[in-house]
Amino acid sequence: MPKENEEPLVKIPEFDERKFLFDEKERAKSIVVIFIIGAIIGSISGYLQLIGYWYLSLILILVVLLFSEYILKGLGVQVSKKTSHRILLVGEFLLTWLVFWILVLNPPLNHVSGPEIANLQIASNGVWTSLAEKSGVYDVPIGSISLRVYMYAYSGVVYYKVMAYEAGSTPAVIPSHLNNNYVYFNLTDLNYDSTYYVQVYGSTVVNGSNLTSQVSYTLYAT
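Count the sequence shown with this note's numbering and you get residues 168 to 389, in order.
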């Protein structure tokens, strides 16, 4: 039986409430900062992959992981010395990075497809207006007309062309030009009560793959 003047075998440290609250505050701060960094790096990585620089996104995440401790200290966050806490923070970063990387690469933020082609318009008295359409047929005046169609690709349009021909004739490529996300072209010598077909092609490159879109319009000259 221990004597009264003997020291206890196990000395229980006193609970430091101030230190405990400080540590919890720093831990919560590090979680928030890691989430923000992961979201930013994940979004940038997704964008880099969209424009074909996937290797830069890989280098970026490796650099952030290697210098994460210095980055956190630079942001005024105390890095825990406990291995378990460090592993949790790395896991949080990777998970957040992955989530935002996936979000950037997929709809609704991104459509991995060919260029968007839409909104056929005609020039009338210096103003561009949408053509009247009924059952997939657009009414146009006879003679010569100027048309344009909206064309947009997130990674940029790398190729486009317009083909036009009268019903019963051979399709032919006609002059066109792309400006401010619109492809402009002219149709000439449109005959009354005749049907014409216009085919608009556009392509873009995403992650090294060539993606093409095509839209066909049926015009009726009246």
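Ideal Cβ positions, reconstructed from N, Cα and C, are used throughout, including at glycine.
If you're wondering where the values come from, they're calculated on a predicted model, not measured in any experiment.
In angstroms with no decimal places, state the Cα-to-Cα distance between residue i and residue j.
i	j	result
THR355	SER361	13 Å
ALA255	ALA195	Reading the sequence as shown, one finds Leu at residue 255 and not Ala. Roughly 12 Å separates the two Cα atoms.
GLN216	ILE269	11 Å
LEU298	TYR222	45 Å
MET330	GLY375	26 Å
GLU259	LEU242	17 Å
VAL365	VAL271	34 Å
ILE226	LEU232	10 Å
ILE341	TYR220	35 Å
Cutting at 6 Å between CB atoms, please list the residues of its own chain near residue i, excluding the five before and the five after it.
i	result
PHE267	ALA206, GLY209, SER210
VAL307	LEU386, ALA388
Assuming residue i and residue j form a contact by the criterion Cβ under 8 Å, report the distance between their Cβ atoms to the nearest whole angstrom.
i	j	result
TYR359	THR379	At roughly 35 Å, the Cβ-Cβ gap does not stay under 8 Å, so TYR359 and THR379 are not in contact.
TYR319	LEU345	Between LEU345 and TYR319 the Cβ distance is about 10 Å, and since that is not below 8 Å, they are no contact.
VAL244	VAL200	5 Å
SER313	ALA290	4 Å
LEU239	SER197	7 Å
Excluding the 5 residues preceding and the 5 following residue i in the sequence, name in chain order all residues of the same chain whose CB lies nearer than 8 Å to its CB.
i	result
ILE218	SER322
ILE228	ILE208, SER212, TRP264
TYR305	LEU287, LEU298, ALA299, TYR384, THR385, LEU386, TYR387
GLU283	TYR317, MET318, TYR319, ALA320, SER380
Kindly list the residues whose CB is nearer than 7 Å to the CB of residue i, restricted to its own chain and excluding five residues on each side of it in sequence; keep chain order.
i	result
ARG315	GLN288, TRP295, TYR349, VAL350, TYR351
**OP:** Please list the segments of the alpha helix (DSSP H) lying wholly inside the region 191 to 244, counting only runs of 4 or more residues, in order along the chain.
**Re:** Here the runs fully enclosed are 221 to 233, 235 to 241.
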